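Novice: So that we are looking at the same thing, I have put the structure below in structure tokens.
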Amino acid sequence: YTDEPSSLDPKHNITTTVTPLLADESGHSPLLFRRDPKTGAEIHCSRRLDTDPVFLESHITSLAQSPPRPYLRVRGTHTESIRKRDDKTESKTVVDFDVRVELTPYLYRDIATRRSWRELRTADNFSKVRRGTVFPTRAPGFGGRSSGARGGAAGEEVSKEPPTLREWCHRYCASHAGLKTFSLLRTVPGFDDDERLKARLEDLVRATNYRGRIDVSFPVHDSTVEIYNTCRVNRWRQTTWIRWLFYLTFLWIFAWPYLFFRTKRFEVVEAEWAFSRRRRDPQTGAARGREYVSLSEADLYNMWARAISKAVLERRQGELDQRDLRDAEGRQDTSFEDVLAGIDQETTRGLVRAGVSAMNVVNRHFGWGEDR
């Protein structure tokens, strides 16, 4: 599913070539070799992907159907000084709260039919990306250097039009590089570009009189897919016990430069799951505000603000879900005085809930989370 390229921001530097996606939604690929525990990237490895450009193209197109998983994360920390037995002090970072909200459902215009504004794009000629090379470069004739048959991007010629996904798949399969990777990057353009949502969330936490350090971020999980060619070295580099052997024996000092300079990378394909885009006048083409695939940043804030504030005061660490929304929008916490007045009728759960409510009131009044 694709949208009209005319409605997108022309300043985006990966905008020119659009490849239609498959109509159906596919699950996890059976060719999934492993998931990198450090970066979270999906690692795929298959000999057919190295030699069959048509199969590689359909595989990349199918992988682009799976969305990235953007999160809203609010984290608060403070530093405590601990005195040790030898009268030395040690600073320790304490996490007061770490709240996350998954934003993936809001990437769909109609989640029941999986309608979205996703587009599969290839890099334009002026973008500095790895084009079967070790270092990022522009296309030949546009400030880049042609690597020829020896540089990994076999048969690359000067062309005004950027290569399509099919052309890049043919170049990858034709490359004679001993170590090579083909990458797919899933992105979420058009989300909080002006950082207003970030500022509002920081103000929301400060309104609880929190005095620690606040970190509001929007990490994106499942954003990278890497296809490695089938060879012994690539299997070794993805085998856990071999990696640990190199770490413990410090062989990584020699292995890392070898892998870095030997691996030819094709980082030219991007699956954009737009959160918003510029609204343009159909007659003049002038930009007039933005349109959103589902909810705007202001809508998200209005929906989740009370739940996030409540979770922050409760010093929660974890992901919020629909139950937190219902709890925040429904019954207010029972006051401590009401429980004391009717203690014979209330259950233990109500007493505990009221105690938490009382602690929240204290935190609001005196502040909390400062360095000690």
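Quick note on full-length UniProt numbering: the sequence shown kicks off at 1 and runs consecutively.
Virtual Cβ for every residue (Gly too), placed ideally from N, Cα, C.
None of these values were measured; they are calculated from a predicted model.
1. Between 316, 321, 57 and 317, which has its C-alpha nearest residue 183's C-alpha?
2. Let me know the beta strand (DSSP E) ranges lying completely inside the stretch 35-100, each 3 residues or longer, listed in chain order.
3. List the whole-angstrom C-beta distance separating residue 76 from residue 213, where the pair is believed to meet the contact cut-off of C-beta under 8 Å.
4. Would you identify the three-state DSSP class for residue 288, choosing helix, strand or coil?
5. Which same chain residues, not among the five before or five after residue 233, have their C-beta less than 7 Å away from its C-beta?
6. For residue 110, which three-state DSSP category applies?
7. Who are the Cβ neighbours of residue 190 in its own chain at under 6 Å, not counting the five residues just before and after it?
8. Taking the continuous beta strand (DSSP E) assigned at residue 119, which residues delimit it?
9. Starting from residue 216, follow the beta strand (DSSP E) in both directions and report where the run begins and ends.
10. Where does the unbroken alpha helix (DSSP H) through residue 197 begin, and where does it stop?
11. Whole angstroms are fine: how far does the CA of residue 229 sit from the CA of residue 50?
12. Using DSSP bridges, identify the partner residues of residue 318.
13. Nearest to residue 173 by alpha carbon, out of 162, 141, 132 and 195?
14. Rounded to the nearest angstrom, what separates residue 142 and residue 312 at their Cα positions?
15. Where in the stretch 219-269 do unbroken runs of the alpha helix (DSSP H), each at least 4 residues long, occur, reported from the N-terminal end onward?
16. Out of 125, 136 and 165, which has the shortest C-alpha to C-alpha gap to residue 60?
17. Say whether the stretch 68-87 touches the stretch 232-251, bearing in mind that this needs 3 or more beta-carbon pairs closer than 8 Å, one atom from each stretch.
18. Can you tell me the Cα-Cα spacing of residue 104 and residue 68, whole angstroms?
19. Determine whether the beta carbon atoms of residue 280 and residue 290 lie at a separation below 8 Å.
20. Starting from residue 280, trace the beta strand (DSSP E) both ways and give me its first and last residue.
21. Can you say whether residue 92 is buried or exposed, counting buried as having 16 or more other CB atoms within 10 angstroms of its CB?
22. DSSP puts residue 180 in a beta bridge; with which residues?
23. Quick check: what's the CA-CA separation for residue 155 versus residue 238?
24. So what does residue 373 bridge to, in DSSP terms?
25. Specify whether the stretch 197-207 and the stretch 301-310 touch according to this definition: at least 3 beta carbon pairs, one from each stretch, less than 8 Å apart.
26. In chain order, what residues of the same chain have a beta carbon less than 7 Å from the beta carbon of residue 54, not counting five sequence neighbours either side?
27. Among 316, 41, 295 and 98, which one has its Cα closest to the Cα of residue 215?
28. Pull up the distance between the alpha-carbon of residue 301 and that of residue 251, whole angstroms please.
29. Are the Cβ atoms of residue 107 and residue 269 separated by less than 8 Å?
30. On the premise that residue 116 lies in contact with residue 293, defined as a C-beta separation below 8 Å, what is that separation, rounded to the nearest angstrom?
31. Leaving out five residues before and five after residue 128 in sequence, what residues of the same chain have Cβ atoms less than 7 Å from its Cβ?
32. When DSSP labels each residue in this structure, what does residue 105 get in the three-state scheme?
33. Between the alpha carbons of residue 73 and residue 160, how many angstroms are there, rounded?
34. Can you tell me where the alpha helix (DSSP H) holding residue 306 begins and where it ends?
Specialist: Straight from the coordinates:
1. For the purposes of this step, residue 183 is taken as the residue at position 183 of the sequence shown. Cα-wise, what sits closest to residue 183 is 57.
2. 42-45 and 69-83
3. Translated into positions along the sequence shown, residue 76 becomes position 76. Translated into positions along the sequence shown, residue 213 becomes position 213. With 8 Å as the limit, residue 76 and residue 213 qualify as a contact, their Cβ atoms being about 7 Å apart.
4. In the sequence shown, counting from the first residue as 1, residue 288 sits at position 288. If DSSP states are grouped into helix, strand and coil, residue 288 belongs with the strands.
5. Position 233 of the sequence shown holds residue 233. The residues are 179.
6. Within the sequence shown, numbered from 1, the residue matching residue 110 stands at position 110. Strand.
7. To locate residue 190, count along the sequence shown from 1; it is residue 190. Same-chain partners within the cutoff: 274, 275, 276 and 277.
8. Working through the sequence shown from its first residue, we reach residue 119 at position 119. Residues 118-122.
9. Here residue 216 refers to the residue found at position 216 when the sequence shown is read from its first residue. Note, residue 216: beta strand (DSSP E), 213-217.
10. To locate residue 197, count along the sequence shown from 1; it is residue 197. Note, residue 197: alpha helix (DSSP H), 196-206.
11. If you number the sequence shown from 1, residue 50 lands on position 50. If you number the sequence shown from 1, residue 229 lands on position 229. Straight-line Cα distance between these residues: approximately 6 Å.
12. Taking the first residue of the sequence shown as position 1, residue 318 is located at position 318. The partner list for residue 318 (beta bridge, DSSP) reads 99.
13. Counting from one through the sequence shown, the residue named residue 173 turns up at place 173. The shortest Cα separation from residue 173 among 162, 141, 132 and 195 belongs to 132.
14. In the sequence shown, the residue the question calls residue 142 occupies position 142. In the sequence shown, the residue the question calls residue 312 occupies position 312. The straight-line gap from Cα to Cα measures roughly 51 Å.
15. 232-237, 240-248 and 252-262
16. As a first step, residue 60 must be located in the sequence shown, where it is residue number 60. The option with the nearest alpha carbon to residue 60 is 165.
17. no
18. Position 104 of the sequence shown, counting from 1, holds the residue named residue 104. Position 68 of the sequence shown, counting from 1, holds the residue named residue 68. Those two C-alpha atoms are separated by around 7 Å.
19. By 1-based counting over the sequence shown, the position of residue 280 is 280. By 1-based counting over the sequence shown, the position of residue 290 is 290. Against a cut-off of 8 Å, the Cβ pair of residue 290 and residue 280 comes out as no contact.
20. Stepping through the sequence shown from its first residue, residue 280 is reached at position 280. Unbroken beta strand (DSSP E) run through residue 280: 276-280.
21. In the sequence shown, counting from the first residue as 1, residue 92 sits at position 92. By the neighbour-count rule (16 or more Cβ atoms within 10 Å), residue 92 is not buried but exposed.
22. Along the sequence shown, one-based indexing puts residue 180 at 180. According to DSSP, residue 180 bridges with 264.
23. As a first step, residue 155 is located in the sequence shown; it is residue number 155 there, counting from the start. As a first step, residue 238 is located in the sequence shown; it is residue number 238 there, counting from the start. Interpretation of residue 155 is limited by its pLDDT of 47, a score under 50 that renders its predicted location unreliable; the figure taken from the coordinates is listed afterwards. Roughly 30 Å separates the two Cα atoms.
24. One cannot answer for residue 373 here, as it falls past the ends of the chain, which runs 1 to 372.
25. yes
26. As a first step, residue 54 is located in the sequence shown; it is residue number 54 there, counting from the start. Counting only Cβ-Cβ distances below 7 Å, and skipping sequence neighbours, we find nothing.
27. On the sequence shown, residue 215 is found 215 positions in, with the first residue counted as 1. Checked all of 316, 41, 295 and 98; the closest Cα to residue 215 is 98.
28. To locate residue 301, count along the sequence shown from 1; it is residue 301. To locate residue 251, count along the sequence shown from 1; it is residue 251. Between residue 301 and residue 251, the C-alpha separation is close to 49 Å.
29. For the purposes of this step, residue 107 is identified with residue 107 of the sequence shown, where counting begins at 1. For the purposes of this step, residue 269 is identified with residue 269 of the sequence shown, where counting begins at 1. Cβ distance not < 8 Å, so residue 107 and residue 269 don't count as in contact.
30. Residue mapping note: residue 293 aligns to position 293 of the sequence shown, counting from 1. Residue mapping note: residue 116 aligns to position 116 of the sequence shown, counting from 1. Their Cβ separation, rounded to whole angstroms, is 6 Å, which keeps residue 293 and residue 116 in contact under 8 Å.
31. Within the sequence shown, the letter at position 128 stands for residue 128. Taken in chain order, the residues that qualify are 136, 137 and 138.
32. In the sequence shown, counting from the first residue as 1, residue 105 sits at position 105. In the structure shown, residue 105 sits in a helix (DSSP, three-state: H, G or I).
33. In the sequence shown, the residue the question calls residue 73 occupies position 73. In the sequence shown, the residue the question calls residue 160 occupies position 160. Cα to Cα, residue 73 sits roughly 42 Å from residue 160.
34. Position 306 of the sequence shown, counted from the start, is the residue given in the question as residue 306. Taken as a continuous stretch (DSSP letters only), the alpha helix (DSSP H) holding residue 306 covers 297-313.
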